[in-house]
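Report on one structure; see the data block that follows.
There are 2 protein chains.
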Amino acid sequence: MNAHMDIATYMQTLGRQARAASRLMAKASTAAKNAALLAMAAGIRARRAELLAANAEDVAKANGLEPAMLDRLTISPKSVEAMAQGLEQVAALPDPIGEISDMKFRPTGIQVGKMRVPLGVVGIIYEARPNVTADAAALCLKSGNAAILRGGKEALRCNQAIAACVRAGLAAAGLPETAVQVVEITDRAAVGHLVAMPEFVDVIVPRGGKGLIERISREARVPVIKHLDGNCHVYVDDSADAAKALKILENAKTQRLGTCNTAESLLIARPVAASLAPSLCAMLIAKGVEIRGCAETQALVPQAKAATEEDYYTEYLAAIISCKVVADVDEAIAHINKYSSAHTETIVTEDYTRAMRFLREVDSSSVMVNASTRFADGFEYGLGAEIGISTDKFHARGPVGLEGLTSQKWIVFGNGEVRS
Amino acid sequence: MNAHMDIATYMQTLGRQARAASRLMAKASTAAKNAALLAMAAGIRARRAELLAANAEDVAKANGLEPAMLDRLTISPKSVEAMAQGLEQVAALPDPIGEISDMKFRPTGIQVGKMRVPLGVVGIIYEARPNVTADAAALCLKSGNAAILRGGKEALRCNQAIAACVRAGLAAAGLPETAVQVVEITDRAAVGHLVAMPEFVDVIVPRGGKGLIERISREARVPVIKHLDGNCHVYVDDSADAAKALKILENAKTQRLGTCNTAESLLIARPVAASLAPSLCAMLIAKGVEIRGCAETQALVPQAKAATEEDYYTEYLAAIISCKVVADVDEAIAHINKYSSAHTETIVTEDYTRAMRFLREVDSSSVMVNASTRFADGFEYGLGAEIGISTDKFHARGPVGLEGLTSQKWIVFGNGEVRS
Chain A
1 MNAHMDIATY
11 MQTLGRQARA
21 ASRLMAKAST
31 AAKNAALLAM
41 AAGIRARRAE
51 LLAANAEDVA
61 KANGLEPAML
71 DRLTISPKSV
81 EAMAQGLEQV
91 AALPDPIGEI
101 SDMKFRPTGI
111 QVGKMRVPLG
121 VVGIIYEARP
131 NVTADAAALC
141 LKSGNAAILR
151 GGKEALRCNQ
161 AIAACVRAGL
171 AAAGLPETAV
181 QVVEITDRAA
191 VGHLVAMPEF
201 VDVIVPRGGK
211 GLIERISREA
221 RVPVIKHLDG
231 NCHVYVDDSA
241 DAAKALKILE
251 NAKTQRLGTC
261 NTAESLLIAR
271 PVAASLAPSL
281 CAMLIAKGVE
291 IRGCAETQAL
301 VPQAKAATEE
311 DYYTEYLAAI
321 ISCKVVADVD
331 EAIAHINKYS
341 SAHTETIVTE
351 DYTRAMRFLR
361 EVDSSSVMVN
371 ASTRFADGFE
381 YGLGAEIGIS
391 TDKFHARGPV
401 GLEGLTSQKW
411 IVFGNGEVRS
Chain B
421 MNAHMDIATY
431 MQTLGRQARA
441 ASRLMAKAST
451 AAKNAALLAM
461 AAGIRARRAE
471 LLAANAEDVA
481 KANGLEPAML
491 DRLTISPKSV
501 EAMAQGLEQV
511 AALPDPIGEI
521 SDMKFRPTGI
531 QVGKMRVPLG
541 VVGIIYEARP
551 NVTADAAALC
561 LKSGNAAILR
571 GGKEALRCNQ
581 AIAACVRAGL
591 AAAGLPETAV
601 QVVEITDRAA
611 VGHLVAMPEF
621 VDVIVPRGGK
631 GLIERISREA
641 RVPVIKHLDG
651 NCHVYVDDSA
661 DAAKALKILE
671 NAKTQRLGTC
681 NTAESLLIAR
691 PVAASLAPSL
701 CAMLIAKGVE
711 IRGCAETQAL
721 VPQAKAATEE
731 DYYTEYLAAI
741 ISCKVVADVD
751 EAIAHINKYS
761 SAHTETIVTE
771 DYTRAMRFLR
781 EVDSSSVMVN
791 ASTRFADGFE
801 YGLGAEIGIS
811 TDKFHARGPV
821 GLEGLTSQKW
831 IVFGNGEVRS
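Structure follows, in structure tokens:
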């Protein structure tokens, strides 16, 4: 109980400091923010040996971690350089803060429009990936926010070493060191406090697996930019160009198996099922992908196993794809709106009307025509950086760049006008 | 317990129907939505006698209601006509849904941009004001959402009569009648279910007093577009034009005492306190406004009472104003960012640099230069309609029009591109 009280006090102190720092960050000049980012990059390069040593200690103590997690925890000279370059890239992005738009005169004489402003204090909760510390700090700083970072406990030493570079960079640019704070308490209760301090924290961005994000969403008393499943679909319409369908499906399913924008389900229009399903599935099978299909798929593709209802809901993140023959674009849209996780879907078609209907009626964060689902990504969309991919509709949807960490306030230029 | 189970089942049924209707509303044509709105307006005019009779029954049964609430509950032939006109005005607004913007080619060959889409299902919770039923239904319908409306139990009969007109209008336009549903259970538990069904409801808009909104925010498991206090400030800078200051303060404080954009606090820069405080306060006192000031104010304005710390946090909604002499624009900004409810603030100044600093550094949803705080309003800002004024930063900030009930999905036009 006493320890619990201490954690609460500690988190409140971080929160209070972050709120105070956020006021200064909101008005920081673009030059100061960029200078801080470049100083951090230089600091990370200069202290490469220290970062690697701290990480080696983390790795040595991380007993019983799964190989994949151990891989993400471990940094190399190359990943240190990547961190530094990431900071420089964020410095090169345009500053979103203070941007004034849509200033229009009203009949009353006032001129009304919007100014882009930071959200305030961003809490980032992530797993044992030290690079997220530098990356998240950079995005929050550039967007004029203060950040409280809570990384996986296995990476604590390395995170502290990176945080020291971040603080030194802030100080070098004359910005408050408390603009980026790393939670140094590894107790899980710290997260519980972080997500439940609306007076100090404006938004939580969890970066990690579905379990982490669901837990945080349940506990949070502030808005959460959520990134849940990517159960993405490729729908091959009966007017599809067969070559495009093959190329898009191959890329969408097999370029990388474990990403959220990888296709997990293939829908084929009945009129072309007999002509296209065998070749499309043969390509996937040749690449080691298991097909789980409906009865019609199985009749056309003997290697296909039977798909269960559950399969159509599943994000495999593995060499498996569900497959279904559908009557037409109507059934495809209905199937997607029922089973999809609303991440990314693509239609392969040469038919204008069906393309436009698919775009309008599919209720997902990214909807594409004749392009691979793998393009659903902040960098591919030209955002320059990505804090995550939102599977919510509220505030930000799909890939979230710096703008997702901002809001717009209304501004009014007057000359003594009053309301009548 | 059994009754409780029944309410849960009832609310789930409404939710399921709303979710299904929302799919149809999302793809409804602009013509159909406008036809429905115009049919509703015609229906409300045609059934005016029924609405007034239902309302008279509501009023007769509403024992012990405060006079102000009774006033809001009561409708007249004039307010029935206003409802019909409101529906026609929403029909005349541009349709925000399907709007495509920012389509840009990327180096990969894909063209990426955004399409505006409905949020899905909107839950509106309001007090005993029958006009909100028509108004909220119209805004949700035009923005392609389905709505579940839960009005105050005192207005149930009139709300049901209005809902019948709404359903008839939907049916006349070939749209699903379940696109707008009125909760007919008056038990408070219905609200608890409505705000905790994320599978069926995408956002809650509470329209009512602070108590209602705080309670709903605490219980909600979906996003809430909140409208809390309006503790608005007028800061008279030492470079203010005295005539503008007098005119703006008079309008901001005294045009209407009970609105959220009414000024509740006056800050005056010390260099002009002696010259301006007496005349500004004399104007307010002449209009019956009580001054609660700091020691300096009291020295300059003998009628001023002493302000407590609490006064500076207070939204009076009454003929009272707090007043403080501050050193300069820095202290004014710091005072506002501490005490304000972040609704609307205005600076009166002829100084360019201070005007720009005030605009940038004051963290409120509307920040003005030389204009009355009373302008903070969806209609005055040119939104055409207003579902509320958000005091949050997330999703929507300040006056919220149709756009606040929408989101944007990403759309991609390709020609067979794949990611490399």
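Here the protein sequences line up with chains A and B, keeping their order.
Under my numbering, the residues of the first sequence are numbered 1 to 420, in order.
Under my numbering, the residues of the second sequence are numbered 421 to 840, in order.
Yeah, the Cβ is synthetic: ideal placement off N, Cα and C, and Gly gets one too.
Where ALA738 (chain B) and GLU684 (chain B) are concerned, what is the direct C-alpha to C-alpha distance, given to the nearest angstrom?
9 Å
Spatial neighbours of LEU38 (chain A) within its chain, please: C-beta separation below 6 Å, excluding the five flanking residues on both sides.
Around LEU38 (chain A): ALA91.
Between the segment 80 to 114 of chain A and chain B, which residues of the former have a C-beta closer than 8 Å to a C-beta of the latter?
GLY98, LYS104, ARG106, THR108, ILE110 and VAL112
Identify the contact partners of PHE375 (chain A) in chain B, using a Cβ-Cβ distance below 9 Å as the criterion.
ARG526, THR528, ILE530, VAL532, VAL832, GLY834, GLU837, VAL838 and ARG839
Can you tell me the Cα-Cα spacing of VAL180 (chain A) and ALA173 (chain A), whole angstroms?
14 Å
VAL224 (chain A) and ILE216 (chain A) look like a contact to me (Cβ under 8 Å); what is the Cβ gap, rounded to whole Å?
About 6 Å separates the two Cβ atoms, so the contact holds.
Taking only the alpha-carbon atoms, compute the straight-line gap between ASN34 (chain A) and LYS142 (chain A) and give it to the nearest angstrom.
Between ASN34 (chain A) and LYS142 (chain A), the C-alpha separation is close to 7 Å.
Of all the options B:ALA693, B:SER695, B:GLY650 and B:LYS707, which has the alpha carbon lying nearest to the alpha carbon of GLN675 (chain B)?
Of B:ALA693, B:SER695, B:GLY650 and B:LYS707, the residue nearest in Cα terms is B:LYS707.
For ARG570 (chain B) and ASP426 (chain B), the rounded distance between their alpha carbons
17 Å
List, in order along the chain, the chain A residues whose C-beta lies closer than 9 Å to that of HIS653 (chain B)?
Going along chain A, no residue has its Cβ under 9 Å from HIS653 (chain B), so there is no contact; the nearest lies around 14 Å.
Contacts that PHE814 (chain B) makes with chain A (C-beta to C-beta distance below 8 Å)
Result: LEU119, ASP202, VAL203, PRO223, PHE394, HIS395 and SER407.
Quick check: does the Cβ of GLY109 (chain A) come within less than 7 Å of any heavy atom belonging to the ligand ATP?
In terms of ligand content, the structure shown is empty, and the ligand ATP therefore cannot be addressed.
Which residues DSSP lists as bridging SER521 (chain B), in chain order
B:LYS534
If we call anything under 8 Å between Cβ atoms a contact, is VAL541 (chain B) one with ASN579 (chain B)?
No.
Looking only at C-alpha atoms, which of B:ARG577, B:ALA466, B:MET489 and B:SER499 sits nearest to ALA473 (chain B)?
Checking every option, the nearest Cα to that of ALA473 (chain B) belongs to B:ARG577.
Residue nearest to GLU823 (chain B) in terms of C-alpha spacing, selected from B:GLY834, B:ILE809 and B:GLY836:
B:ILE809
Expressed to the nearest angstrom, what Euclidean distance is found between the alpha-carbon atoms of ASN671 (chain B) and ASN370 (chain A)?
About 57 Å.
Go ahead and label MET356 (chain A) buried or exposed: buried means 16 or more other beta carbons lie within 10 angstroms of its beta carbon, across all protein chains shown.
exposed
PRO176 (chain A) vs ALA21 (chain A) beta-carbon contact at 8 Å:
Their beta carbons are under 8 Å apart, which means PRO176 (chain A) touches ALA21 (chain A) by this criterion.
Between the C-alpha atoms of ALA327 (chain A) and ALA334 (chain A), what's the straight-line distance to the nearest angstrom?
The C-alpha of ALA327 (chain A) lies about 11 Å from the C-alpha of ALA334 (chain A).
Residues that MET25 (chain A) contacts on chain B, provided the C-beta gap is smaller than 7 Å
Neighbours of MET25 (chain A) on chain B: none; closest Cβ ~12 Å, over 7 Å.
Against chain A, does ILE668 (chain B) count as a neighbour if the rule is that its beta carbon must be under 8 Å from one of theirs?
yes
Using the three-state DSSP reduction, which class does MET445 (chain B) fall into: helix, strand or coil?
In the structure shown, MET445 (chain B) sits in a helix (DSSP, three-state: H, G or I).
Can you tell which of A:LYS153, A:ALA155, A:SER407 and A:THR133 has the C-alpha that lies nearest to the C-alpha of ALA147 (chain A)?
Across the set A:LYS153, A:ALA155, A:SER407 and A:THR133, the C-alpha of A:THR133 shows the shortest separation from the C-alpha of ALA147 (chain A).
DSSP on MET617 (chain B), reduced to helix/strand/coil?
coil
Residues near ALA448 (chain B) in its chain [Cβ-Cβ closer than 7 Å; skip 5 each side]:
GLY564 and LEU595
Answer yes or no: does any C-beta atom of chain B fall closer than 8 Å to that of ASP135 (chain A)?
no
Tell me, which residues are paired with PHE413 (chain A) by DSSP?
A:GLN111 and B:VAL789
So LYS673 (chain B) and VAL709 (chain B) are supposed to be a Cβ contact under 8 Å. How far apart are they, rounded?
6 Å
Could you check whether the Cβ of LEU359 (chain A) sits closer than 8 Å to any Cβ belonging to chain B?
yes
Examine chain A for any beta-carbon lying closer than 8 Å to the beta-carbon of GLU800 (chain B), and answer yes or no.
yes
Pick from A:ALA36, A:ALA306, A:SER79 and A:ASP102: whose alpha carbon is nearest that of GLU88 (chain A)?
The shortest C-alpha separation from GLU88 (chain A) is found at A:ALA36.
Helix, strand or coil at ARG627 (chain B) [DSSP, three-state]:
strand
Looking at the C-beta of GLN255 (chain A), does it have a partner C-beta in chain B at a distance below 8 Å?
yes
Taking C-alpha atoms, which residue in A:GLY152, A:PRO94, A:TYR339 and A:HIS233 lies nearest to LEU212 (chain A)?
Nearest C-alpha to LEU212 (chain A): A:GLY152.
Helix, strand or coil for LYS324 (chain A)? Go by DSSP, reduced to three states.
strand
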